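One structure is given here, and the rest of the page talks about it.
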Amino acid sequence: MSDASSATARTIAQAPPSPFRDFWNAFRENRGAVAGLLVFLLFLLIAIFAPIISPYPPDAQFRNSLLVPPVWAEGGEWQFPLGTDPLGRDMLSRLIHGARFSFFIGLVVVTVATFFGVVIGVIAGFSPRWLDTIIMRIMDIVLSFPSLLMALVLVAILGPSLLNAMVAIAIVLQPHFVRLTRAAVISERTRDYVTAARVAGAGKLRIMFRTVLPNCLAPIIVQAALSFSTAILDAAALGFLGMGAQPPTPEWGTMLAEAREFILRAWWVVTFPGLCILVTVLAINLMGDGLRDALDPKLKRS
Amino acid sequence: MSEAILTAEALQRHYEVGGGMFSSPATVRALDGASFALTPGKTLAVVGESGCGKSTLARVVTMIEPPSGGTLAIEGREVGPGGAASDRDLRAMVQIVFQDPYGSLNPRQTIGQTLMEPLKLNRPEVSAEERERRARDMLRMVGLRDEHFDRYPHMFSGGQRQRVAVGRALMLEPKILVLDEPVSALDLSIQSQVLNLLIDLQEKFQLAYLFISHDLSVVRHLADEVMVMYLGRPVEMGPKDDVFAHPRHPYTRALLSATPVADPRHEKNRIKLEGELPSPMNVPPGCPFNPRCWRASETCRESFPPYEGARHRFACYHPIED
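Sequences listed follow chains A and B, in order. Be aware that the first sequence starts at 1, since it is given in my numbering, and climbs by one per residue. Be aware that the second sequence starts at 1001, since it is given in my numbering, and climbs by one per residue.
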């Protein structure tokens, strides 16, 4: 009896679950999301430790072994587990280094797009109607172009390089963040706690970025996660079209483009970069869906 | 009777609505000429049905919105035309408690941060330790415990949240507290706890309350003076007992007759008003109550009646005598 009552006392005294714990419990329920997270972390580790893991430098050529098939195919060698490309470079090493580029692209693009998108969105949400209208119509114009076409045009103007491709993709993705932030800000800023902060003497900037913005973050985080995969995909597409990373950079899209003429003769040079893109993007999308389920209160199961 | 700390003279607040590309904006007369005074340690209750301008009055008095007309003076200093955002001292003297305790606390701030924020913004000279000490004192004063300091609002009940909201409002040691229906979102049993807390705090700090409510039994319990509003204008105001015992304006009479009485043998002689509350965009000429009033005459449709009486004032051409 006394045991039971002391046990209840202990559970009551226990600190209530922290917001992070809450989030993790909700996230864990979605198995696909957890799997996506694991794959994502695996790729992230590979990207970070690429020079240590990869057997050869990405641009080391082995002139005696051009287009060697992967080990399990006929004529494969253990020296090159995933085969070599037409210039005799090890596929595995190039793919491992390619992960670095993909994550670099994703990270930079999402950071730039989120930062500017959120700032512009918050400003639009708080500004008078005429300024809000101007900002949102500009965003509508950007959104009305097919995103890849828009990125292509921008790269054509700026000149083809990985950096310019990232800038172009960031510009194309950023209106989504503006819209999302503005919508969240508008629904939050009329709440009483914002008025209370104003009565307490908070200035305009403080209200915008310290009071309102933290309460709008959930959908923005989800959008950022999903944009990560869009950025990788768009960068690969630009690379494939010759407008992104330039050879000999081991970027997955560029690798695909280089191997185009060998599709029929050597399937492995096209398949593996394509598979890498597929798996990464799928993992990130699964993770993003899980994030949305865990963070978006409207979809939360109670 | 002590000196008034806040006086409002013919306070107005109009909003422009609509007004797209092709239509001219319409004017909503949310608050249309309210005059009253608040005294330290006393409560002025504002009653009226939804849409009568009670909450607008609260926002104007708290200087969240500038008045469109009329004057608002605190301790004899007139609030500037810019809504007094310029004058931090004046602003700190009036604080507000909102109706909805679920929306009025920032969900991303702990209770401690919520309580300390006003000090941090207005009293930069107060050290961080002193700030935390004062916030913890305030937590105890509004009847919460020390361990609540680091918790988030979603871990609290409505009544507890409202206590936090009251505490936050008092952190700057204001002289005037605007209570915008502070208990109407709470359970009946919690209501009385919060009301008693408010009464205790008023005595302790000699606060002037502007208490906005549509619950007449709460007003009866708490108010010193009562102001009845209809469509943005006060129609009757005076000491609580006078207004409740001898309502002079037909609208006050109708409002009072609608209060339920917990006595099954009580004779029901409820006055049922005809029609809807007119839109504040299109206020009827004359006395705004005339389309629903059973005593209305031709004069009522022509001009707004002047206020009559000294302490117990009312605006009606055909007051109820009894």
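Don't be surprised by glycine CBs; every beta carbon is placed ideally from N, CA and C. Remember, it's a predicted structure, so these values are computed and weren't measured experimentally.
Item: If you count every other CB in all the chains shown that lies within 10 Å of the CB of A/Trp252, and 16 or more means buried, which is it?; Value: buried
Item: What residues in the region 203 to 229 of chain A bring their beta carbon closer than 7 Å to a beta carbon of chain B?; Value: Thr211, Pro214 and Asn215
Item: Is the separation between the beta-carbon of A/Pro69 and that of A/Gly75 shorter than 8 Å?; Value: yes
Item: Closest to B/Leu1210 by C-alpha separation, out of B/Arg1140, B/Pro1284, B/Leu1057 and B/Pro1260, would be which residue?; Value: B/Leu1057
Item: Can a CB atom of chain B be found closer than 8 Å to the CB of A/Gly125?; Value: no
Item: For the alpha helix (DSSP H) that contains B/Gln1191, what are its first and last residues?; Value: Leu1188 to Phe1205
Item: Specify the secondary structure class of B/Gly1232 as computed by DSSP and reduced to three states.; Value: coil
Item: Residues of chain B with CB closer than 7 Å to the CB of A/Asp192, please, in chain order.; Value: Phe1098, Asp1100, Gly1103 and Ser1104
Item: Does the beta carbon of A/Leu295 come closer than 8 Å to any beta carbon on chain B?; Value: no
Item: Run through DSSP, which three-state label would A/Asp90 get?; Value: strand
Item: Name, please, each residue of chain B whose Cβ falls closer than 7 Å to the Cβ of A/Gly274.; Value: Correct list: empty, because the minimum Cβ distance to chain B is about 43 Å.
Item: Any beta carbon of chain B sitting closer than 8 Å to that of A/Val199?; Value: yes
Item: CB-CB under 6 Å to A/Ala258, same chain, minus the five flanking residues each way: which ones, in chain order?; Value: Sequence inspection shows Glu at residue 258 of chain A; the Ala mentioned does not correspond to that position. The residues are Pro247.
Item: Taking the CB atoms as reference points, tell me whether A/Ala165 and A/Ala99 lie closer together than 8 Å.; Value: no
Item: For the beta strand (DSSP E) containing B/Thr1062, name the first residue and the last one.; Value: Careful: B/Thr1062 lies outside any beta strand (DSSP E) and carries neither H nor E.
Item: In whole angstroms, what is the alpha-carbon distance linking A/Asn285 and A/Leu143?; Value: 21 Å
Item: Along the chain, which unbroken stretches of the alpha helix (DSSP H) at least 4 residues long are found entirely within the region 113 to 147 of chain A?; Value: 129 to 144
Item: Is there a C-beta anywhere in chain A that falls below 8 Å from the one on B/Gln1113?; Value: no
Item: Run through chain A and tell me which residues come within less than 7 Å of B/Cys1095, C-beta to C-beta.; Value: Reading the sequence as shown, one finds Gln at residue 1095 of chain B and not Cys. The answer, in chain order, is Val199.
Item: Check whether the region 1212 to 1228 of chain B and the region 1033 to 1048 of chain B touch, using three or more Cβ-Cβ pairs below 8 Å as the test.; Value: yes
Item: Does the CB of A/Ala259 have a neighbour CB from chain B at under 8 Å?; Value: no
Item: Would the region 259 to 273 of chain A and the region 1022 to 1037 of chain B be scored as touching if the rule is three or more Cβ pairs under 8 Å?; Value: no
Item: Please classify B/Ser1189 as buried or exposed, where buried requires at least 16 neighbouring CB atoms within 10 angstroms.; Value: exposed
Item: Check whether the Cβ atoms of A/Gly290 and A/Phe104 sit closer than 8 Å, and answer yes or no.; Value: no
Item: Mind checking if B/Gly1309 is an interface residue toward chain A, Cβ cutoff 8 Å exclusive?; Value: no
Item: Quick one: using the 10 Å Cβ neighbour count with 16 as the cut-off for buried, is B/His1154 buried or exposed?; Value: exposed
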